[in-house]
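Worksheet for the structure shown next.
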Amino acid sequence: MWFFFNLMAAAALTILQIAFFSHLPPPFPDISIPIVAITLAVVAEAPLAAAVWALTAGTLEGLHGLFGFGPDIVALFLALAAEHALSIRFLANRSRLAIFLLAAAGSTVVFAVFLIGDGLRILSGYTPYLIAQDAEPFVAFLLGAVVNGLLAVGLSTLASAVRRRLRGTFLYA
Amino acid sequence: MTPAARSRLIFIAVATGVLLIFFHALGVLRGAEAAVMRGLAPIETVLSGAGRSLKRWVGAPFSVSAIMQENEAVKNERDGLLVQIAQLREKEDENARLREILKFPARQPGRIAVAHVLASAPEAGTHTILLDKGSDDGLLLDMPVMVGDGIIVGKIFKLDKASSLALLLTDTRSRVGAMIHDAAKTQGVVQGKRGLSVEMRLIPQNEVINEGDLVVTSGIEPLVPRGLVIGRVQGIETQERDPFKTATIRPPTSLDDIEVVAIPLP
Chain L
1 MWFFFNLMAA AALTILQIAF FSHLPPPFPD ISIPIVAITL AVVAEAPLAA
51 AVWALTAGTL EGLHGLFGFG PDIVALFLAL AAEHALSIRF LANRSRLAIF
101 LLAAAGSTVV FAVFLIGDGL RILSGYTPYL IAQDAEPFVA FLLGAVVNGL
151 LAVGLSTLAS AVRRRLRGTF LYA
Chain S
1 MTPAARSRLI FIAVATGVLL IFFHALGVLR GAEAAVMRGL APIETVLSGA
51 GRSLKRWVGA PFSVSAIMQE NEAVKNERDG LLVQIAQLRE KEDENARLRE
101 ILKFPARQPG RIAVAHVLAS APEAGTHTIL LDKGSDDGLL LDMPVMVGDG
151 IIVGKIFKLD KASSLALLLT DTRSRVGAMI HDAAKTQGVV QGKRGLSVEM
201 RLIPQNEVIN EGDLVVTSGI EPLVPRGLVI GRVQGIETQE RDPFKTATIR
251 PPTSLDDIEV VAIPLP
């Protein structure tokens with residue numbers, strides 16, 4: 001039951017990001033809901049939920065995006081692995097700064113995978129998607145990392161506040 | 001859930017991802033992928049419409065003075081166009097009479113594919129729109145994507161069975177063969193500039209161009225017909241030692257707010 005709820009939430013929110021957020025003014029198009037969700041799952045020590053998000057969101061983004069099917073799935077699973085490694089080996093706590101760094105690291109890994117893919121396209125004689133004559137994709141990546149980090153921190157803080165508020169009323173809050 | 005069971009499920013998720021990529025590479029999933037895209041298209045059309053409406057609604061109070069200025073400019077342009085229409089009707093009649101005398105066959109209107117915009121720029125830093133039509137609908141790579149009766153906004157950049165991505169004119173990677181619609185038919189290349197504007201480059205220094213000149217496609221590319229409107233010259237940039245000059249082009253329509261596009265089929 002929980003698994004399917006997670007799957008449906010991942011699918012619905014990824015579609016919302018692709019079809020709805022992409023039309024809104026900045027910084028909404030820079031938000032990556034899957035990265036934020038993976039970060040929150042890593043913080044909550046729920047790697048299975050993060051893996052479901054990586055698979056579902058990666059598949060849907062792959063069907064819609066420039067890079068085609070595959071790179072998005074690989075990028076999100078690598079982001080999950082990087083965030084998990086960072087959280088258990090380098091970060092001492094689950095502070096706001098730690099959550100921000102996790103989300104920013106996830107965004108960086110995704111961008112790095114796409115850049116490597118672009119490099120391979122250049123080496124194979126194809127037109128690159130991200131590497132252009134200006135720094136716009138790099139600026140967009142930096143903005144995305146900051147926005148995703150702030151959103152992850154905001155949602156995590158909100159979730160903690162709601163949990164604290166409900167703890168007095170419900171047994172399993 | 002026990003740690004072992006959780007590890008097993010994570011392994012299954014990773015393995016599913018690997019298998020999906022493998023089967024996609026083999027082409028086994030093409031039908032399923034097209035079915036998913038077709039199934040999602042109505043939902044995405046609704047969400048896209050809602051996103052665009054929200055953007056317009058939020059932005060409306062900030063753009064009142066710009067809209068008023070634009071309204072004034074449009075009124076002036078309309079007055080000029082009324083005169084041009086009258087002159088063109090006259091020429092059309094003359095053209096029809098001459099065709100009849102020369103027994104010249106009349107031009108047949110081409111077929112058009114109409115596509116909805118499902119999403120805008122899925123990857124940050126790129127300027128693309130996702131369309132709900134693909135190769136199954138007769139689309140080919142590098143076909144022009146138009147709005148209205150013939151205003152080019154981009155070209156098909158990536159093609160799948162049931163969907164495609166169009167690269168907008170404002171994207172830095174975008175290139176379109178263009179000419180200035182004047183007596184000299186000055187040729188150049190129109191390319192995007194950081195997603196913000198459009199420039200016409202490689203205009204020889206000795207060519208005379210003026211602000212307000214109409215820029216259209218030159219027809220040099222096999223799938224892009226001649227005469228699709230790109231925009232009007234807004235500014236001209238000349239450097240002393242450069243053999244070419246650059247013109248900034250103002251597209252007649254906002255490229256951020258496209259809902260429906262047309263693609264001329266061969």
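Residue numbers (this note's numbering), protein chains in the order written: chain L, 1 to 173; chain S, 1 to 266. For each residue, glycine too, the CB sits at the ideal point set by N, CA and C.
In the DSSP output, which residue or residues are listed as bridge partners for V114(S)? The count along the second sequence starts at 1 and reaches residue 114(S) at position 114. In DSSP, V114(S) forms a bridge with A262(S).
I'd like the ranges of any alpha helix (DSSP H) spanning at least 4 consecutive residues and lying wholly in the segment 9-84 of chain L. 33-43, 47-64
According to the Cβ coordinates, are V216(S) and G227(S) closer than 8 Å? Residue 216(S) sits at position 216 when you count from the first residue of the second sequence. Residue 227(S) sits at position 227 when you count from the first residue of the second sequence. A contact, by the Cβ cut-off of 8 Å.
Do K110(S) and L223(S) have their C-beta atoms within less than 8 Å of each other? Numbered from 1 along the second sequence, position 110 holds the residue referred to as residue 110(S). Numbered from 1 along the second sequence, position 223 holds the residue referred to as residue 223(S). A small correction: the amino acid at residue 110(S) is Gly; Lys does not occupy that position in the sequence shown. It is not a contact, given that the beta carbons lie outside the stated cut-off.
Cutting at 7 Å between CB atoms, please list the residues of its own chain near P137(L), excluding the five before and the five after it. One-based indexing of the first sequence puts residue 137(L) at position 137. Taken in chain order, the residues that qualify are L130.
Excluding the 5 residues flanking K75(S) on each side, which residues of the same chain have their C-beta closer than 8 Å to its C-beta? Here residue 75(S) is taken as the residue at index 75 of the second sequence, counted from 1. Within the same chain, K75(S) has no close Cβ partners at all.
Short CB-CB distance (under 8 Å) between T108(L) and chain S: Mapped onto the first sequence, residue 108(L) falls at position 108. So, not an interface residue.
Are I99(L) and T14(L) close, meaning C-beta to C-beta below 8 Å? Looking up residue 99(L) in the first sequence gives position 99. Looking up residue 14(L) in the first sequence gives position 14. No, the Cβ-Cβ distance between I99(L) and T14(L) is not below 8 Å.
Of all Cβ atoms in chain S, is any one closer than 8 Å to the Cβ of V36(L)? On the first sequence, position 36 is the one that residue 36(L) refers to. Answer no: the Cβ-Cβ gap between V36(L) and chain S never drops below 8 Å.
Quick check: is the beta carbon of H84(L) nearer than 8 Å to any beta carbon in chain S? For the purposes of this step, residue 84(L) is identified with residue 84 of the first sequence, where counting begins at 1. It does not; no Cβ of chain S falls within 8 Å.
Could you tell me which of E100(S), R201(S), S120(S), D257(S) sits nearest to I57(S), measuring between CA atoms? In the second sequence, counting from the first residue as 1, residue 57(S) sits at position 57. Sequence check: residue 57(S) is Trp here, not Ile. W57(S) has its Cα closest to that of D257(S), out of E100(S), R201(S), S120(S), D257(S).
Sequence-distant residues of the same chain with beta carbon closer than 6 Å to S135(S), five excluded per side: One-based indexing of the second sequence puts residue 135(S) at position 135. Excluding sequence neighbours, S135(S) sits near L159, K161.
From the beta carbon of S22(L), is the nearest beta carbon of chain S less than 8 Å away? Taking the first sequence and counting its residues from 1, one reaches residue 22(L) at position 22. Yes, S22(L) lies at the interface with chain S (some Cβ there is under 8 Å from its Cβ).
Suppose you measure from the CA of V146(L) to the CA of A104(L); what does that come to, to the nearest Å? As a working note, residue 146(L) is residue 146 in the first sequence. As a working note, residue 104(L) is residue 104 in the first sequence. When rounded, the distance between both Cα atoms is 6 Å.
So, using beta-carbon positions, are V189(S) and L169(S) closer together than 8 Å? Position 189 of the second sequence, counted from the first residue, corresponds to residue 189(S). Position 169 of the second sequence, counted from the first residue, corresponds to residue 169(S). No, the pair does not count as a contact, with Cβ atoms beyond the cut-off.
Excluding sequence positions up to five away, which residues of its chain have a Cβ less than 6 Å from the Cβ of D93(S)? Here the question's residue 93(S) lines up with position 93 in the second sequence. Around D93(S): no qualifying Cβ.
Cutting at 8 Å between CB atoms, please list the residues of its own chain near V42(L), excluding the five before and the five after it. Within the first sequence, the letter at position 42 stands for residue 42(L). Around V42(L): A50, L80, E83, H84, S87, L102.
For V260(S), collect the residues of the same chain with a Cβ closer than 8 Å to its Cβ; drop the 5 residues on either side in sequence, then sort them by chain order. The residue you call residue 260(S) lines up with position 260 of the second sequence. So the list reads V114, A115, H116, V117, V147, once near-sequence residues are dropped.
Could you confirm whether any beta carbon from chain L is found closer than 8 Å to the beta carbon of H24(S)? Taking the first residue of the second sequence as position 1, residue 24(S) is located at position 24. Yes, H24(S) counts as interfacial toward chain L.
Measure from the alpha carbon of D30(L) to the alpha carbon of each residue in F111(L), L91(L), F5(L), L60(L), then state which is nearest. Within the first sequence, the letter at position 30 stands for residue 30(L). Nearest of F111(L), L91(L), F5(L), L60(L) to D30(L), Cα basis: F111(L).
For L130(S) and chain L, any beta-carbon pair shorter than 8 Å? For the purposes of this step, residue 130(S) is taken as the residue at position 130 of the second sequence. True, the Cβ-Cβ gap to chain L drops below 8 Å.
Give a yes or no on whether the minimum CB-CB distance between K155(S) and chain L is below 8 Å. The sequence position of residue 155(S) within the second sequence is 155, counting from 1. No, no contact with chain L.
Would you mind sorting I116(L) into buried or exposed? The rule is 16 or more other CB atoms within 10 Å of its CB. Taking the first residue of the first sequence as position 1, residue 116(L) is located at position 116. Looking at its Cβ environment, which holds fewer than 16 other Cβ atoms inside 10 Å, I116(L) is exposed.
Under three-state DSSP, which class holds R241(S)? By one-based count along the second sequence, residue 241(S) stands at place 241. Here R241(S) sits in coil by DSSP.
Contacts of E77(S) in chain L (Cβ-Cβ under 9 Å): As a working mapping, residue 77(S) is identified with position 77 in the second sequence. Those do not exist, as E77(S) stays about 28 Å from chain L at its closest Cβ, beyond 9 Å.
Residues that DSSP places opposite V190(S) in a beta bridge: Here residue 190(S) corresponds to residue number 190 of the second sequence, with the count starting at 1. Paired residue(s): V176(S), M200(S).
Which value, in whole angstroms, describes the spacing of the CA atoms of R99(S) and K91(S)? Taking the second sequence and counting its residues from 1, one reaches residue 99(S) at position 99. Taking the second sequence and counting its residues from 1, one reaches residue 91(S) at position 91. In a straight line, the C-alpha of R99(S) is about 12 Å away from that of K91(S).
Residues of chain L with a CB under 9 Å from the CB of R201(S): which are they? The residue given as residue 201(S) occupies position 201 in the second sequence. Residues of chain L passing the Cβ test: none, with the nearest at roughly 12 Å.
On the three-state DSSP scale, how would you describe S287(S)? In the structure as shown, chain S starts at 1 and stops at 266, and residue 287(S) therefore has no counterpart that could be examined.
Starting from the beta carbon of K158(S), find every residue of chain L whose beta carbon is closer than 8 Å, and list them in chain order. What you label residue 158(S) is simply residue 158 of the second sequence in a count that begins at 1. The answer, in chain order, is L66, G68.
How should P243(S) be labelled, buried or exposed, when 16 other C-beta atoms within 10 angstroms of its C-beta is the threshold for buried? If you number the second sequence from 1, residue 243(S) lands on position 243. That one is exposed.
Alpha carbon to alpha carbon, how far is E72(S) from P252(S)? Within the second sequence, numbered from 1, the residue matching residue 72(S) stands at position 72. Within the second sequence, numbered from 1, the residue matching residue 252(S) stands at position 252. Their backbone Cα atoms lie some 15 Å apart in a straight line.
For V52(L) and L140(S), I'd like the C-alpha separation in whole angstroms. Taking the first sequence and counting its residues from 1, the one referred to as residue 52(L) is at position 52. Taking the second sequence and counting its residues from 1, the one referred to as residue 140(S) is at position 140. C-alpha separation (whole angstroms): 35 Å.
Distance check for A15(S) and I21(S), CA to CA, integer angstroms please. As a position in the second sequence, residue 21(S) is number 21, starting the count at 1. As a position in the second sequence, residue 15(S) is number 15, starting the count at 1. For I21(S) and A15(S), the distance between alpha carbons rounds to 10 Å.
So what's T169(L) in DSSP terms, helix, strand or just coil? For the purposes of this step, residue 169(L) is identified with residue 169 of the first sequence, where counting begins at 1. In this structure, T169(L) counts as coil in the three-state DSSP scheme.
Residue nearest to V18(S) in terms of C-alpha spacing, selected from M1(L), N93(L), T59(L): Position 18 of the second sequence, counting from 1, holds the residue named residue 18(S). Of M1(L), N93(L), T59(L), the residue nearest in Cα terms is T59(L).
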